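As structure tokens, the structure follows; a few thoughts come after it.
Below, the structure written as structure tokens:
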């Protein structure tokens with residue numbers, strides 16, 4: 001089995017390879033223990049081969065386009081009845097349902113080793129990595145992490161047409177209206193792809209939300225449909241109203257999507273710059289937090305599509321926002337000048353600290369150990385913070401990893417001390433030993 005042995009107590013695994021722009025964990029018990037394998041019909045295979053041929057033919061033009069935006073991937077990253085919870089406005093159609101055109105079947109292995117690699121265990125976590133390779137190949141990678149076995153290995157992957165800017169795990173199956181195992185992917189394209197993580201070797205997403213980048217003439221014909229008009233920079237899934245996904249874009253808009261009906265439900269307007277970070281409240285279904293590159297943070301009542309409150313005193317781009325799951329009125333803000341803020345909706349800034357000597361590119365709040373916050377930045381800087389009883393940040397631990405810019409970091413949802421981070425030189429699994437942290 002392709003597994004990487006532990007190297008250090010604080011650094012369990014390291015892979016130096018492609019640029020990882022975004023990542024997400026899948027909780028235990030969600031993935032299918034026996035994944036399915038996609039079966040393609042002859043037309044799909046022909047279309048796929050044509051797409052591959054076109055991609056190879058246009059590599060030079062793609063490289064030229066990326067050269068114009070050298071750091072595109074990094075810069076763009078740098079209870080009521082559920083049906084009535086969010087007010088609907090005229091909705092957008094999406095591309096034809098692809099799920100019906102790609103059949104799936106159980107994986108048939110030819111050896112015990114192959115079967116062991118692909119069968120998942122109840123105590124496995126999946127980690128999803130959005131990767132860019134040489135500004136040409138774009139991949140959503142799925143890895144398996146098992147804490148008790150100290151194991152971490154690649155499981156399967158999906159090829160993407162555009163560099164991934166953000167990903168979000170979605171635990172809602174639009175077909176069964178029950179729990180599912182999907183990943184929403186936002187790219188420089190204006191549409192959002194939804195991939196079924198329980199089906200391997202798929203070459204198309206099961207759904208596409210919005211309209212892909214179109215010619216101006218085509219765009220005019222579809223102007224009345226709800227869709228972003230620029231890259232999708234941030235995604236957040238509503239854990240209470242599980243059929244709702246929200247997206248923030250470089251077009252200054254936030255769109256709420258009804259996953260079940262594959263429709264745009266509402267547009268939240270009010271930001272004056274790129275919306276590069278959004279988060280649903282963990283316990284209040286209609287409260288949404290957002291931040292933009294002009295330095296403005298907003299809290300929205302998504303049910304009424306109105307902004308409840310906003311703050312503009314940061315004097316820097318807002319890189320990340322995150323709610324404090326332990327205190328419902330508090331949230332954290334990470335800025336491009338290296339500052340980290342602890343905020344209260346009612347009173348504003350509680351505390352601010354200079355977290356890094358550069359933009360705070362990654363931010364994650366521990367949902368297993370109270371008041372622990374992790375941040376990442378340039379030159380491999382990864383830090384663990386403890387928020388004390390008065391709301392002030394205290395440094396608990398820090399690493400200097402050999403990864404250049406750390407573009408993303410996320411705590412494991414099932415293990416308080418385990419986290420993953422990704423950046424220009426690949427990804428790592430780290431252990432913070434939170435139980436013994438001061």
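Residue numbers (full-length UniProt numbering): 1 to 438.
Beta carbons: idealized from backbone N, C-alpha and C, even for Gly.
As the structure is a computational prediction, the values presented were derived from the model and not from experiment.
**Request:** Count the other C-beta atoms from every protein chain shown that fall within 10 angstroms of the C-beta of residue 317, then say buried if there are 16 or more, exposed otherwise.
**Result:** Counting from one through the chain shown, the residue named residue 317 turns up at place 317. Result: buried.
**Asked** In whole angstroms, what is the alpha-carbon distance linking residue 428 and residue 407?
**Response** As a working note, residue 428 is residue 428 in the chain shown. As a working note, residue 407 is residue 407 in the chain shown. Taking the straight line joining both Cα atoms gives about 12 Å.
**Prompt:** If you check the beta carbons only, do residue 295 and residue 314 fall under 9 Å apart?
**Reply:** In the chain shown, the residue the question calls residue 295 occupies position 295. In the chain shown, the residue the question calls residue 314 occupies position 314. A contact, by the Cβ cut-off of 9 Å.
**Prompt:** So, residue 246 versus residue 254, is the Cβ gap smaller than 9 Å?
**Reply:** Along the chain shown, read from residue 1 onward, the residue named residue 246 stands at position 246. Along the chain shown, read from residue 1 onward, the residue named residue 254 stands at position 254. Their beta carbons are under 9 Å apart, which means residue 246 touches residue 254 by this criterion.
**Item:** Buried or exposed by the 16-neighbour rule on C-beta atoms within 10 Å, applied to residue 198
**Value:** On the chain shown, residue 198 is found 198 positions in, with the first residue counted as 1. With 16 or more Cβ atoms within 10 Å of its Cβ, residue 198 is classed as buried.
**Message:** Determine whether the beta carbon atoms of residue 381 and residue 366 lie at a separation below 9 Å.
**Reply:** Within the chain shown, numbered from 1, the residue matching residue 381 stands at position 381. Within the chain shown, numbered from 1, the residue matching residue 366 stands at position 366. Cβ atoms of residue 381 and residue 366: not closer than 9 Å.
**Spatial distance of residue 395 from residue 385 (CA atoms)** = Against the chain shown, residue 395 aligns to sequence position 395. Against the chain shown, residue 385 aligns to sequence position 385. Whole-angstrom Cα-Cα distance: 5 Å.
**Asked** Per DSSP, which one or two residues make a beta bridge with residue 131?
**Response** If you number the chain shown from 1, residue 131 lands on position 131. In DSSP, residue 131 forms a bridge with 20, 139.
**Asked** Helix or strand or just coil, what does DSSP make of residue 434?
**Response** For the purposes of this step, residue 434 is taken as the residue at position 434 of the chain shown. The answer is helix: DSSP assigns residue 434 an H, G or I state.
**Prompt:** Which residues bound the beta strand (DSSP E) around residue 253?
**Reply:** One-based indexing of the chain shown puts residue 253 at position 253. Residue 253 -> no beta strand (DSSP E), and no H or E assigned at all.
**Prompt:** Between residue 344 and residue 18, what straight-line distance do the alpha-carbon atoms span, to the nearest angstrom?
**Reply:** Taking the first residue of the chain shown as position 1, residue 344 is located at position 344. Taking the first residue of the chain shown as position 1, residue 18 is located at position 18. The straight-line gap from Cα to Cα measures roughly 38 Å.
**Prompt:** Between residue 256 and residue 265, which are expected to be in contact by the criterion C-beta below 8 Å, what is the C-beta distance as a whole number of angstroms?
**Reply:** Translated into the one-based positions of the chain shown, residue 256 becomes position 256. Translated into the one-based positions of the chain shown, residue 265 becomes position 265. So it is a contact: roughly 5 Å between Cβ atoms.
**Residue environment, residue 495, which counts as buried when at least 16 other CB atoms sit within 10 Å** = In the structure as shown, the chain begins at 1 and stops at 438. Residue 495 is therefore absent and cannot be evaluated.
**Prompt:** Does DSSP put residue 420 in a helix, in a strand, or in coil?
**Reply:** Position 420 of the chain shown, counted from the start, is the residue given in the question as residue 420. Strand.
**Collapsed DSSP secondary structure at residue 182 in the structure displayed** = The sequence position of residue 182 within the chain shown is 182, counting from 1. Residue 182: strand per DSSP, three-state reduction.
**Request:** Flag this pair as yes or no: are the beta carbons of residue 117 and residue 155 separated by less than 9 Å?
**Result:** Counting from one through the chain shown, the residue named residue 117 turns up at place 117. Counting from one through the chain shown, the residue named residue 155 turns up at place 155. Annotated as proximal: residue 117 and residue 155, with beta-carbon spacing under 9 Å.
**Message:** Let's see if you can read the secondary structure: which residues bound the beta strand (DSSP E) around residue 154?
**Reply:** As a first step, residue 154 is located in the chain shown; it is residue number 154 there, counting from the start. Taken as a continuous stretch (DSSP letters only), the beta strand (DSSP E) holding residue 154 covers 151-160.
**Rounded C-alpha distance that separates residue 353 from residue 326** = Taking the chain shown and counting its residues from 1, the one referred to as residue 353 is at position 353. Taking the chain shown and counting its residues from 1, the one referred to as residue 326 is at position 326. Their backbone Cα atoms lie some 20 Å apart in a straight line.
**Request:** Count the other C-beta atoms from every protein chain shown that fall within 10 angstroms of the C-beta of residue 346, then say buried if there are 16 or more, exposed otherwise.
**Result:** In the chain shown, counting from the first residue as 1, residue 346 sits at position 346. Residue 346 comes out exposed.
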